[in-house]
Every structure is written in structure tokens, then in C-alpha cells.
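> Got a structure for you, questions after.
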Amino acid sequence: MPSPVFHAPQTVDQAVALLGADPSARVLSGGTDLIVQMRSQRISPSAIVDVKRIAGMSGIREQGGSFIIGAATPCTALKENKALVTAWPGVVEAANLIGSVQVRNRATMAGNLCNASPAADSVPALVAAGATCLIAGPGGTREVAAEKVTTGPGRTTLAPGEFVVEIRLPARPAGGGDAYLRSIPRTEMDIAVVGAAAALVIDASGTCTAARISLGAVAPTVLLVEAAGAALIGSTFDEAAMERMADAVRVACSPIDDKRGTAVYRIAMAGILARRVVEIARSRAGEFK
Amino acid sequence: MNAPLPTRTYRHVGTRPVRPDGLEKVTGKAIYGTDFVAPGMIHGAMLRSPHPHARIRSIDTKKAEALPGVKAVVTGADFPTMASLEVAMGESSGNIKHVSRNCMAHEKVLYEGQPVAAIAATSLRIAEEAARLIVVDYEVLPHVLDIDSAFAPGAPLLHDDIFTKGLNPPPDQPSNSPLRFQIGGGDPEAALAAATHRVSGRFSTQPVHQGYIEPHACVASWNADGQAQIWCSSQGQFSIRSVTAGVLGISHADIRVYPLEIGGGFGGKTIVYLEPVAMLLSRKSGRPVRMAMSRSEVFRASGPAPGSVVDIEMGAMADGTISGVVMEFKYLGGAFPGADVHPGAMSALAHYVVPDNRIIGWEVMCNMPSTHAYRAPGAPQATFAVESCIDELAQILGLDPIDMRIKNAARPGDKSAMGTTLGEIGYVECLEAAKAHPHWSAPLGPNQGRGVGGGTWGNYGGPSTATVSLAEDGSVLVTTGSPDIGGSRASMAIMAAETLQVHYEKIRVTIADTSSIGYSMVTGGSRTTFATGKAVVEACEQIITDLRERAAAMWNVDLDQTEWRNGAVVCRATDKVLTMGDIAAKAGFAKGPIAAESSINAQGYLPGFGVHICDTEVDPETGNVTVVRYTAVQDVGTAIHPDYVEGQMQGGAVQGIGWALNEGYVFDKSGKMDNPGFLDYRMPVCSDMPMIDTVMVEKPNPAHPYGVKGVGEVPIVPPLAAVANAVSRATGMRMRHLPMTPDKIWAQLQGQKG
Amino acid sequence: MSKMFVTATVNGDSAEFLCDPGATLLDVLRDTMGLTGTKEGCGSGDCGACTVMLDGEMVCSCLVLAAETEGRQVSTIEAVAEGSDLHPVQRQFLEHGALQCGFCTPGFIVASKALLDHNPNPSESEVRYWLAGNLCRCTGYDKIVRAVLDAAAEMRQERIPA
């Protein structure tokens with residue numbers, strides 16, 4: 001097996017050119033998936049493009065309440081940004097459930113997304129939050145909703161030469177709150193058996209005016225379950241609405257039996273975790289005027 | 001009541017000094033298996049079978065051999081053929097042909113991951129690339145991976161030359177079961193019929209791995225003159241020597257094995273996997289060869305402890321007396337015999353007096369890696385069933401589960417269930433200490449349950465060699481052949497300091513290679529502090545006698561006019577003193593160097609006993625289990641270095657908790673291990689655990705100079721039941737199948753709801 | 001395959017090395033530089049035995065390409081003690097008997113020091129979650145957690161070291 005060529009471009013255009021010139025080239029930012037896959041010989045890229053030396057690829061910028069997160073920003077750095085933690089605690093918590101501290105000091109949300117695992121922890125939280133990705137490529141840049149990036153396990157909508165340069169989170173709306181929870185057998189270091197995220201908006205009366213519910217590890221991609229959100233809108237989270245929401249969640253699931261859990265367990269947990277994240281998000285929404 | 005032994009006071013025994021090898025291990029200087037580098041060393045890699053069961057039609061290595069940088073290629077054809085030859089290997093006796101085939105497949109592969117060829121090259125990358133160029137033509141055979149299927153008529157047969165031992169009449173057809181073993185006595189059926197209450201059921205556990213963090217590794221250098229050196233981490237350099245020599249058909253004395261620091265073993269590093277292969281690659285290439293396993297190779301091709309199915313019926317009288325037990329268990333071994341059925345049967349009831357019992361154990365082979373010893377091998381699986389039944393009976397009878405155990409506990413002088421007379425054992429004291437512990441009476445929160453489990457392990461003594469010598473300045477050198485896997489250098493130094501009455505820091509302990517000291521059995525069976533410690537103490541006593549004789553000669557007095565006091569010889573008549581330094585300085589001019597050796601077969605070992613209390617909280621919606629509190633109580637004899645005794649208890653408990661909750665081999669439909677990494681083979685992580693409280697019950701062993709009993713293995717025996725009993729009581733459902741993963745608990749909770 | 005020439009700072013000293021572009025930092029530390037205190041337990045970031053500091057943050061060196069370290073600061077177990085003076089974490093590991101086989105110990109010590117540099121007064125739960133990426137199979141973690149808590153107290157000068 002030939003050794004890959006290593007590139008560390010300084011600009012987005014250089015990176016696009018390198019990636020466009022070699023369809024087997026892979027982007028390296030945190031490396032916590034890429035290097036494991038190389039070591040286990042699941043992939044053998046002919047070139048590695050380390051994007052961390054491109055200006056602006058690491059770090060978080062706040063713009064009028066919204067957040068622009070460089071794609072190479074490690075998960076632990078998200079916790080250091082107080083404004084981000086206040087605005088999107090569910091996203092920050094989800095990203096900081098991945099692996100260990102050692103892993104999170106390297107791993108990025110963009111990598112978590114582009115690795116296209118249905119069990120990626122940060123992705124349901126990003127989807128619920130309405131995050132978008134800025135993708136650079138040979139034709140310039142385009143902005144895509146987080147839920148539109150993956151199409152199946154290990155598969156994305158990125159064209160040759162394209163890579164994610166930013167993740168963008170909208171401003172937290174007044175009365176908004178988000179949360180993410182996952183089911184794992186241990187307390188840390190596991191891949192989600194099921195993940196669930198919620199982002200809600202409630203008005204002064206406590207009525208839900210917007211809701212996005214997203215699930216991980218219950219389908220070939222992370223799901224945005226619009227029917228689950230719709231079940232909550234207009235409600236005050238009464239038991240009937242919560243059960244309609246959980247039903248919509250369970251109906252949306254199409255999981256498999258595997259070493260990490262059975263399909264029937266995953267479906268049941270999706271409903272339970274969805275209820276729990278909605279409760280947390282609702283409580284956070286109530287605190288954010 | 002037992003007469004209490006006189007309490008002895010010690011100066012060093014029972015203290016907690018820093019271990020002699022500690023600094024090197026906290027600074028990264030200690031040399032473990034893959035840290036050693038030999039001059040001119042090249043790198044080996046293994047080609048392993050992708051199939052769990054297949055016949056090898058041919059192996060074409062030509063392309064691999066032609067790759068630049070490749071220096072040697074080895075296949076099964078390079079191994080000596082030999083008739084079956086029983087050799088002593090570690091805690092289990094092995095069959096040298098099976099060891100050889102486990103190192104390198106020949107006619108057949110019997111598990112996914114079994115080596116089929118090996119390459120040595122100038123770099124690991126080239127060796128791995130060469131492995132991919134080897135073409136193996138396999139005839140894939142049907143495989144079997146569970147007990148029922150392996151027993152079924154017409155099951156895929158792993159070996160056509162293995163016939164079940166222990167059957168009468170002996171079978172005339174080979175099978176996947178190499179052994180049936182039965183013990184017991186009395187009339188268990190009548191005793192069960194007379195019982196007030198009976199419980200019965202089937203219990204099961206999955207194969208689990210020892211999970212040492214250091215993968216297997218060695219460097220071998222086999223010269224053209226036939227002499228060889230091996231540097232490796234193992235639980236016994238002598239065992240590596242004898243088994244490697246046996247597999248290669250060469251003289252033991254031609255191999256010199258240097259023990260490196262060992263990064264965990266738990267029984268799993270009593271085994272030879274890489275050394276004979278590295279030896280053959282070295283002989284072919286003329287270079288020292290390093291071989292090291294990846295983590296995936298460790299899971300797929302080393303270790304595991306057998307899975308189990310246990311059918312049990314236990315009866316008890318209204319007062320809690322266990323009237324009778326019938327149990328039949330099957331242990332799921334791997335590709336070769338060695339599933340520790342015998343010790344499992346011997347441990348299952350050994351902590352109770354139940355005259356009417358029958359225990360039948362079967363060993364079953366399947367297409368997974370050959371199972372090997374894991375800490376109290378065979379005991380946890382059978383004990384899980386026994387201790388669960390006692391818990392269930394205590395619930396039915398409305399008895400305190402510790403009281404019920406006290407009622408039936410084996411005591412000194414009792415005939416054990418196995419017919420032997422028990423010595424100074426401390427199970428009752430452990431149970432009483434558990435009952436008195438604040439944990440036992442602490443209140444429980446919602447969704448919490450408390451479980452208790454007991455257990456025993458027989459421990460061992462056996463052959464050990466120790467030498468003690470004085471340097472010219474009188475400082476003390478202790479040398480043993482027992483690898484230090486968890487602080488035994490410290491316990492050897494403490495026992496030497498106690499015997500010689502010198503400061504701990506004056507003693508330095510070395511673990512010697514196989515050519516530098518006489519034979520010692522492996523560090524295993526909880527034997528080292530007992531047996532090797534005894535040899536160290538005896539060698540120290542020889543040194544004392546020698547020094548007294550020398551002093552008597554120097555003073556021109558009778559030997560009985562001298563005595564040993566505070567690390568020096570004192571003349572009774574004159575109070576004159578000769579220190580070790582005084583005598584050592586003159587040794588070269590007098591009788592000669594001062595050195596003593598003790599080579600013993602240590603007898604008088606006693607079994608150890610443990611009682612663990614576990615509180616769990618179960619999330620009723622998800623089935624997730626949290627261990628909220630844990631206490632381990634153990635009869636440890638005398639704790640020589642209490643930190644490392646507690647450490648054994650805590651580490652064994654957490655391994656047992658992992659076994660109970662989340663660990664287990666998972667195979668995919670094609671028979672490949674589906675979780676060969678720490679991500680999905682889920683050992684407990686730091687945040688999973690509470691503090692593990694320990695209570696050392698010190699009931700000394702009269703057969704050891706300082707009262708030592710083995711402590712390493714007992715603590716993995718009780719936890720399976722302690723955790724399962726806690727979950728059972730938290731959920732109101734009897735948990736009989738391990739691991740108790742959240743999805744399994746949830747499914748059982750759903751079934752309970754109807 | 002052409003090797004890359006990399007200049008980094010390793011344990012405070014300038015280090016120049018040649019590496020295969022696919023080689024990990026762990027490979028280079030152990031095989032090229034002879035810094036074998038950093039251990040490989042899994043090669044997939046699941047055990048933490050290879051924990052080192054990279055630009056002041058702890059990482060698994062098996063999940064870093066050596067080529068990435070150009071111009072960056074790497075610090076390993078070999079630099080935790082200052083000369084012959086052990087770091088309080090190292091000393092407390094010895095005092096508590098917080099190691100048995102010692103193979104995971106370098107990773108735990110690097111990670112524990114990183115914790116205390118970050119958070120001088122961690123709770124037991126914070127210690128446990130911070131160290132969740134470091135597997136120990138021998139100790140059951142009890143004495144490790146106690147050693148880290150005591151090292152923290154010692155560094156806060158709440159206790160005078162023995």
C-alpha cells in the first residue's frame with residue numbers, strides 16, 4: 001500500500017485544488033475518524049489534505065447573535081466560548097460527548113458530520129438547531145442545511161474538490177432552547193445506540209411556537225423528524241402532545257439490529273430520549289427571554 | 001469458634017512503602033514488551049485467517065518473498081511435526097500440538113484470526129504489505145459458535161482426534177466436547193425433594209477477554225549455533241522457555257528468556273502466541289525479530305475466558321440450610337481444549353458445606369480463539385449461578401442473604417463439598433465483616449437494589465526459586481524468577497526486610513532471566529507472594545545462619561552464642577556487634593561470597609474467600625445500570641503490602657462488574673468477531689465506577705512465615721452475582737443472563753410489564 | 001515512498017525528524033525518537049495509553065499524524081518530572097499504589113497533569129469523566145482517582161507533601 005502524500009495548504013483555494021485533483025484525497029482536520037480508518041485499512045487515501053493551517057478554519061466568530069464556527073475547531077474549544085454555550089448548550093454538550101477529552105481536543109463537528117455516521121453525536125444537535133454548512137469547492141461556496149449533507153453511512157453530498165469550511169448556527173431566538181441526549185451502555189467512550197436532539201421556541205404563555213426534533217442511530221442518516229416537531233407546535237407540552245411527538249419519533253425510526261443494540265430497543269429509546277430532550281429544551285427555553 | 005491465632009506485630013509487613021519499580025513506571029522509563037529494541041532488529045507481521053473454519057488447500061508465499069525488504073516467511077510447514085506431548089504450561093496443561101497449531105495453523109484454521117503465515121521485513125509496513133501478497137486457498141467449512149450448536153448431532157467438527165474424556169463407556173466418535181467432569185456426593189435428589197423450597201434455572205455468560213492494556217509482544221533472536229534469546233513480557237519467562245522449546249523441539253537450555261515489564265496479564269499472558277513464530281523468522285532471516293499484536297489481534301486471537309451455560313437446582317430448608325444442589329454446566333471454550341471446567345467445578349460450592357450435591361461440567365469447543373485462564377479461571381461463571389440461587393432462596397424464605405450464607409459457610413475443620421478438610425479459612429469472618437459494614441445497612445434510593453455475592457478460589461503454591469546475596473557493602477540483593485505484575489517486588493522486599501530486620505530501602509529486588517536463576521512457575525494462581533515469598537524468606541534465613549556462623553568464627557564463639565538482632569549479629573556474651581557490612585567486607589578473605597538460594601515446592605497454601613456488596617440503580621425506562629456503591633470484603637491472610645492487596649480487590653471487582661454489565665464477545669453471521677476493539681468491547685471506564693471500598697479480613701495462613709494467602713484471583717469470583725443480585729432486587733426480576741446490557745434489561749422489563 | 005522532514009519541539013527541545021507521511025506521532029515518538037514511555041494500547045484512540053500534550057492540549061498520539069506537528073509543541077511523559085523532581089501527580093501515584101502493571105500509567109499521568117493544569121480543584125466526578133478516555137484494567141480506578149485528588153490538594157498547598 002503506497003503511503004499517502006501529505007499536504008498542508010494555506011488557503012481554501014489551494015485545498016480545493018488539491019482535493020479536486022485527486023478523488024481519493026481526504027480532508028484531515030481532527031483526524032479522529034480518518035486516522036483510525038487508515039490504520040485499520042478501511043481506507044487508503046492517496047493524499048491527505050490537512051486544512052488546519054488555512055486562516056479562519058479554526059475558531060468561532062459571533063455575528064449579530066449567530067455563530068460561525070471554523071470547520072477545524074475542536075469540540076473542546078466550543079466549551080470555551082461562553083456566548084455559544086449560552087446560546088446553544090445542546091450543540092456544545094453533544095459535541096462534547098464524542099469520545100474522550102483527548103479525542104475532543106482534536107475532533108471537530110464538521111468531521112463528525114462529514115464522516116457520515118448515523119450515530120454521530122453532534123449532528124442531531126446541529127440539525128435540530130437549524131445549523132448550516134458553508135461548503136467550498138471548485139465552483140465557489142454554497143451553504144447547505146446540516147441535514148442535507150449526508151445521504152447514508154459514509155456517504156455525503158460533497159462533490160469532488162468540496163469540503164466544509166464553516167458551520168453556522170443561527171441566533172438563539174427569544175424563548176428558544178435546545179438539548180441533546182444519547183443512550184449508551186457506559187457513561188463515556190461509547191457510540192450512541194440512539195441520540196435525540198430538540199430545539200424549541202416557546203412564547204410567554206409557555207406555548208410551543210417552533211420545534212425541531214432530530215434523531216441519531218435509528219436510520220441510515222441522522223433524521224429531522226418534522227412530524228415530531230409539528231406535534232408540539234401549538235401545545236403547552238401536555239401529555240397528549242408529548243405522546244404524539246414520541247409516536248412521530250418512533251414511526252420515523254428504521255434502525256437495524258447490531259452489536260450496539262436491537263432495532264426494537266432503539267425505537268423505544270428514541271421515544272424516551274425525545275421526551276427527555278424536549279423537557280430539557282423546554283426548561284432552557286423558559287429561562288431564555 | 002476458631003481459636004484466634006496469636007497476633008504478631010511486624011516492622012515491615014503491613015506497611016505501604018513505595019514500590020521499588022515505581023519511579024521507572026511513573027516516568028515512562030520502564031521497558032515493556034514493545035519497548036525493547038535489539039541491534040539489527042527487523043519486524044514481523046502475521047497473516048491471519050479471515051474464516052472461522054476452513055481447510056487450507058495451499059499457501060503461495062512467492063510474491064511476498066519477492067517484495068524488497070522481506071527477509072523471511074514462515075508457514076505451518078516450518079513448524080516441527082510431533083506427536084501429542086503434554087507439557088506443563090501455565091495454569092492449564094496444554095497439548096504441545098495444539099499450542100503449535102494455535103501459533104500457526106497447519107491443515108485447518110479453527111477461528112477467524114488464527115495465524116496462517118508470518119513475514120519478517122525491514123519495516124512493519126513492508127511486512128504487512130507482504131502479508132497481503134500471500135495467497136491462501138481456503139476450503140471454507142461450516143462454523144459453530146455456541147454451545148447448543150457445538151453439541152448438536154452433525155455439528156461442524158473442529159478436531160477429528162478429540163474424544164470426550166470422562167464418559168463411561170468412552171465414546172467411539174470424536175466430538176466438540178473434550179471433557180466431561182463430575183464431582184459430588186450424597187443423595188442430591190433426595191435432599192432436593194426434602195427441601196422446603198427449591199429454585200432452578202438456566203444461567204449464561206458470554207466469552208470475555210482479560211483486557212490487559214499491553215498487547216502481546218516479543219523479540220526473538222535465534223542464532224545459527226542453535227542458541228536463542230527471547231525478550232518478552234509474560235507471566236512466566238520459564239513457561240515461555242519450555243513451551244517455545246517444546247513447540248520448536250529444541251533444548252530448554254538453548255533459549256534464554258529475558259522478562260520485560262508486563263502490562264497486565266490476568267492469566268492471559270501465561271500463553272505462548274508469538275515467540276515460536278518470531279524464533280523461526282529469526283532463524284530464517286539471521287536477524288532479531290520483533291512481533292507485536294495489534295489490539296484487534298489481541299481480541300481476535302488471544303485470551304478469552306469461556307462463555308457458559310449453567311443449569312442448576314438448589315433446595316433449602318426453612319431455616320436457610322442449603323439441603324442439596326444439582327448443577328450441570330457447559331463452558332464454551334475456543335478452538336482447542338482448555339476451558340477450565342475442572343477448577344470451575346471445584347470452586348462452585350467450595351465455600352459452603354452441602355454434602356448432597358452433584359456438579360457436572362462439560363467443556364465445549366467452538367470456532368473462536370482458544371480460551372485461556374482469566375483470573376480464577378472457571379470459577380466466576382459457575383459461582384454466578386450458585387450465588388444467584390442463594391439470593392433467590394433467601395428472598396423466598398425471607399432471610400437476610402448474608403445470614404443465609406453464614407448458616408451454610410465452610411469453616412476450618414469442615415469437610416468441604418469436595419471432601420477435603422479445610423484449614424484456617426476465613427469465609428465466616430468475611431460474611432460477618434460484610435454484615436457489620438455500614439454499606440449493608442445504608443438506605444437505598446428509588447430504583448436501587450442491593451446485592452451480595454460470595455465466592456472462593458483455591459489459590460496455589462508450587463515451585464519457586466529465590467536467591468539472596470549480599471553486596472560487598474552488606475546491602476541486600478533479592479532475585480526471583482517471578483514476573484512482577486502488580487507490585488510483587490515490593491512484597492518480596494518487605495518480607496526480606498522483615499526477616500533480615502533491615503530497612504526496606506536496603507533491599508533491592510531483581511527478576512532474573514531463565515539462565516540466571518532456577519525455575520519458577522508462572523506468576524499466576526495467586527501463588528507468587530505465597531510461594532516465591534516463602535522462598536525469599538527461606539533464603540534470607542539461610543543468609544542469617546551463614547552470617548551468624550561467620551561471626552561466631554570471627555569471635556571464636558559457639559554459634560549459639562550469637563543471635564540475629566536488628567540486621568546484625570550480636571554476641572550474647574560480649575554484646576559485640578557485627579553488621580552485614582562488617583561481615584560482607586571480609587567475606588572475600590573468609591568463607592567467600594555471601595549468597596543463598598532457596599528452591600522450593602511451596603505447600604500449605606489455603607483458599608481465599610470474598611464477599612462483595614453492590615448497590616445498583618436501574619433506569620426503569622432505558623435499562624441503564626449505574627453501580628452506585630461497592631464494597632469488597634476478603635480473607636487475605638496477612639496483607640504484606642496493603643495497597644497492592646486492596647488494589648487486587650478493587651481491580652478484580654471492576655473486572656467482574658464489567659463481565660456482569662457490558663463485556664462480551666460478539667460475532668457476526670460470518671463468524672468474525674464483531675467487536676475486536678475497546679470501543680465496542682466495553683470494559684468499565686473511570687466514570688462508570690464508584691470508589692471500591694475494601695475490607696481486608698486478615699486471617700493468617702499458618703503455613704507461610706508471614707501468614708500469606710493468595711489474593712489476586714478471589715475478587716473476580718463474587719461480583720457477577722453481586723451485581724446481578726443487585727439488579728434483580730432493583731428491578732424485581734431475576735437476572736440470569738450476562739452481560740446485563742441496557743437493551744437486555746429493558747427487554748426483560750417489557751416482558752414483565754406484559 | 002518519500003519521507004517528510006518535520007521540525008517540531010519535543011519536550012522543550014527542537015526535534016527534527018524524517019517520517020512517512022502516514023506515520024503517527026506515536027510511531028515517531030516511540031520508534032524514531034526512542035521515547036517509549038508513551039504506550040500503544042489500541043491504536044484507535046480508545047485507551048489513552050498514548051496520551052501526550054500537543055500545543056498544551058492532551059491528545060491521543062496514535063490519532064495525530066507526525067507530519068501535522070511541524071512547528072508545534074509536543075510534550076510526553078518523559079517531560080512530566082522536572083529533571084529528578086517528580087510532579088505531584090507522579091508522587092501521589094507512587095504514594096497511593098495507584099499502579100499495578102504500570103502500562104497505562106504514563107497516559108494517566110499526562111492526562112491527570114493536564115486536568116490539574118486546567119482545573120486545580122476538581123471534584124471526584126470531574127476527575128472520573130476527565131480520565132474516562134484512559135483505560136486501566138488493573139486498579140479499578142479507585143487509587144488513581146484518590147491520587148489525582150491528593151495531587152490537586154498538594155498543588156493547592158492544602159497539604160504539605162510527606
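Those protein sequence lines, which keep their order, are chains A, B and C.
Oh and the first sequence: position 276 is 276 in this note's numbering, straight run, nothing missing.
Oh and the second sequence: position 214 is 214 in this note's numbering, straight run, nothing missing.
Oh and the third sequence: position 13 is 13 in this note's numbering, straight run, nothing missing.
The C-beta atom is built at its ideal place from N, Cα and C for all residues, glycine as well.
With a cut-off of 9 Å, does the C-beta of Glu621(B) fall near any C-beta of chain A?
yes
> Is any beta-carbon of chain B found at less than 9 Å from that of Ala132(C)?
yes
> In the structure shown, what three-state DSSP assignment does Trp362(B) receive?
The answer is strand: DSSP assigns Trp362(B) an E or B state.
> Mapping DSSP to helix, strand and coil, what is Ser84(C)?
coil
> Here's the rule I'm using: 16 or more other beta-carbon atoms within 10 Å means buried, otherwise exposed. How should Lys669(B) be labelled?
exposed
> Leu215(A) and Val249(A) look like a contact to me (Cβ under 8 Å); what is the Cβ gap, rounded to whole Å?
6 Å
> List, in chain order, every chain A residue whose beta-carbon is nearer than 9 Å to that of Arg48(B).
The premise fails here: Arg48(B) is roughly 13 Å from chain A at the closest Cβ pair, so nothing lies under 9 Å.
> For the beta strand (DSSP E) holding Asn601(B), just list the boundary residues, first then last.
Taken as a continuous stretch (DSSP letters only), the beta strand (DSSP E) holding Asn601(B) covers Ala595 to Ala602.
> Check the Cβ-Cβ distances between Ile262(B) and every residue of chain C, and say whether any is below 9 Å.
yes
> In this structure, does DSSP put Gly453(B) in helix, strand or coil?
strand
> According to the Cβ coordinates, are Thr197(A) and Leu169(A) closer than 9 Å?
According to the sequence provided, residue 197(A) is Ala. The question's Thr does not apply to it. Not closer than 9 Å, so no.
> Tell me which residue opens and which closes the beta strand (DSSP E) that Met404(B) is part of.
No beta strand (DSSP E) contains Met404(B), which is instead part of the alpha helix (DSSP H) from Pro401 to Asn408.
> Answer with buried or exposed for Gln41(A), where buried requires no fewer than 16 other C-beta atoms within 10 angstroms of its C-beta.
exposed
> So the alpha helix (DSSP H) Ile98(A) belongs to, where does it begin and stop?
Counting along the chain, Ile98(A) falls outside any alpha helix (DSSP H), and DSSP gives it neither H nor E.
> Under 9 Å, Cβ to Cβ, is there at least one residue of chain B near Met242(A)?
no
> Which same chain residues end up closer than 7 Å to Gly307(B) when comparing Cβ atoms and leaving out the 5 residues on each side of it in sequence?
Beyond the five residues adjoining it in sequence on each side, Gly307(B) comes within less than 7 Å, by CB distance, of Thr205, Gln206, Pro207 and Leu332 in the same chain, given in chain order.
> Relative to the C-alpha of Met492(B), which residue among Ala660(B), Phe530(B), Glu328(B) and Tyr519(B) is closest?
Relative to the Cα of Met492(B), the nearest Cα in the group Ala660(B), Phe530(B), Glu328(B) and Tyr519(B) belongs to Phe530(B).
> Using a Cβ-Cβ cut-off of less than 7 Å, give me the residues of the segment 47 to 62 of chain C that come near chain D, in sequence order.
Going by chain labels, chain D is absent from the structure shown, which instead holds the protein chains A, B and C.
> Could you run through the segment 132 to 161 of chain C and flag, in chain order, every residue whose CB is less than 9 Å away from some CB of chain B?
Ala132, Gly133, Asn134, Leu135, Cys136, Arg137, Cys138, Thr139, Gly140, Tyr141, Asp142, Lys143, Ile144, Val145 and Arg146
> What is the residue span of the alpha helix (DSSP H) that Met314(B) lies within?
Secondary structure note for Met314(B): it is in no alpha helix (DSSP H), and the uninterrupted beta strand (DSSP E) holding it is Gly307 to Ala316.
> Nearest chain C C-beta to Phe6(A) closer than 9 Å, yes or no?
yes
> What residue range is occupied by the uninterrupted alpha helix (DSSP H) comprising Glu239(A)?
Glu239 to Ala252
> Is there at least one Cβ from chain C nearer than 9 Å to Lys259(A)'s Cβ?
no
> Using a beta-carbon distance below 9 Å, is Asn447(B) in contact with chain A?
no
> Sort Ala204(A), Thr187(A) and Val144(A) by Cα distance to Pro173(A) and report the nearest one.
Ala204(A)
> I'd like the list of long-range same chain contacts for Ala263(A), defined as Cβ closer than 7 Å, with 5 residues on each side in sequence excluded.
Once the five neighbours on either side are set aside, the close Cβ partners of Ala263(A) are Pro255, Ile256 and Asp257.
> How far does the beta strand (DSSP E) with Glu617(B) in it reach, from first residue to last?
Gly608 to Val618
> At which residue ranges does the segment 188 to 270 of chain B contain complete beta strand (DSSP E) runs of 3 or more residues, listed in the order of the chain?
197 to 205, 217 to 222, 228 to 232 and 255 to 259
> Counting only beta-carbon atoms, is Val64(C) nearer than 9 Å to chain A?
yes
> Can you tell me whether Cys114(A) is helix, strand or coil according to DSSP?
helix
> Under a CB-based cut-off of 9 Å, is Ser125(C) close to chain B?
The beta carbon of Ser125(C) sits closer than 9 Å to some beta carbon of chain B.
> Under 9 Å, CB to CB, which of the residues in the segment 183 to 207 of chain A have a partner in chain B?
Ser183, Ile184, Pro185, Arg186, Thr187, Glu188, Met189, Asp190, Ile191 and Val193
> Spell out whether any CB of chain A is found under 9 Å from the CB atom of Asp674(B).
yes
> What's the C-alpha gap between Leu260(B) and Phe609(B)?
32 Å
> Should Arg300(B) be flagged as near chain A, meaning a C-beta pair shorter than 9 Å?
Contact with chain A is absent for Arg300(B), since none of that chain's Cβ atoms lies less than 9 Å from the residue's Cβ.
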